[in-house]
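For the sequence shown, position 121 matches number 122 in this note's numbering, and the numbering has no gaps at all.
Even glycine gets a Cβ: it sits at the ideal position worked out from N, Cα and C.
Structure record follows, encoded as structure tokens.
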Amino acid sequence: MIFSAVLQSVSAFESTLPTAPTHDPTLIASSQGRGTLRVINGTGQDAAVKLVDSRTGKTRHFVRIGSGDEITIRGISPCSCILKATTGTNWDQRAGRFLQNRAFFQFNDRLEFRETRTHNGVEWSNYTATLHPVAEGRAITTPISESSF
2 MIFSAVLQSV SAFESTLPTA PTHDPTLIAS SQGRGTLRVI NGTGQDAAVK LVDSRTGKTR
62 HFVRIGSGDE ITIRGISPCS CILKATTGTN WDQRAGRFLQ NRAFFQFNDR LEFRETRTHN
122 GVEWSNYTAT LHPVAEGRAI TTPISESSF
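So, in structure tokens, the structure goes:
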């Protein structure tokens with residue numbers, strides 16, 4: 002199923018005193034980032050989402066979200082990531098997957114989490130994604146296999 006969902010980026014800003022004057026923005030590498038990802042599950046089923054580093058293929062964050070709920074993942078350090086999701090019923094905690102009515106998909110656009118030092122402080126990325134189709138949605142999703150999830 003391909004549908005349009007909201008995937009939106011907003012810039013946040015934190016004013017700090019720079020340690021040295023900078024003329025060009027530079028990316029900040031940190032183990033505890035400032036980025037956030039808000040995920041809204043407006044589907045009729047529970048869901049689980051993964052934020053996967055597109056460079057290494059490793060899962061950076063994995064969370065379950067109940068039907069009708071939302072969650073915000075905080076502390077995302079700079080990365081280029083793919084957002085993958087599964088929906089279903091009857092969650093098996095040991096196996097880490099749904100046992101029935103399963104569907105798997107990923108968002109086509111990468112999420113570019115950045116932290117940039119400017120002369121006024123630090124700017125970083127915040128995203129919001131919905132797992133259900135919305136009228137103003139611009140993000141496209143593609144079905145994937147369970148093994149790709």
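#### Entry: For Ser81, the nearest candidate out of His120, Glu124, Glu116 and Gly89 (CA to CA)
Of the listed residues, the one whose Cα sits closest to Ser81 is Glu116.
### Message
I need the straight-line Cα distance from Ser12 to Ile77, nearest angstrom please.
### Response
Residue placement at Ser12 is poorly supported in this model, since its pLDDT is 45, which falls under 50; the coordinates are not used for a value here.
### Any 3 or more C-beta pairs closer than 8 Å across the stretch 62-72 and the stretch 103-116
Remark: fewer than three beta-carbon pairs, one from each stretch, lie closer than 8 Å, so the stretch 62-72 and the stretch 103-116 are not flagged as touching.
### Message
Could you check whether Leu84 and Leu52 sit closer than 7 Å to each other, using their CB atoms as the reference points?
### Response
Taking 7 Å as the Cβ cut-off, Leu52 and Leu84 qualify as a contacting pair.
### Task
Give the secondary structure of Ser31 by DSSP, where H, G and I count as helix, E and B as strand, and everything else as coil.
Low per-residue confidence applies at Ser31: pLDDT is 40, beneath 50, and the placement is therefore not dependable, though the value from the model is reported in the following sentence. Looking at Ser31 - three-state DSSP - the assignment turns out to be coil, as it is neither helix nor strand.
### Message
Report the CB separation of Thr73 from Arg35 in whole angstroms; it is logged as a contact under 8 Å.
### Response
The distance from the Cβ of Thr73 to that of Arg35 is about 13 Å, inconsistent with a contact at the 8 Å cut-off.
### Query
If you follow the beta strand (DSSP E) that Asn102 is part of, which residue opens it and which one closes it?
Arg98 to Phe108
### Task
Pull up the DSSP beta-bridge partners for Glu93, would you.
The amino acid at residue 93 is misidentified as Glu; the sequence shows Asp. Answer by DSSP bridge pairing, in chain order: Arg98.
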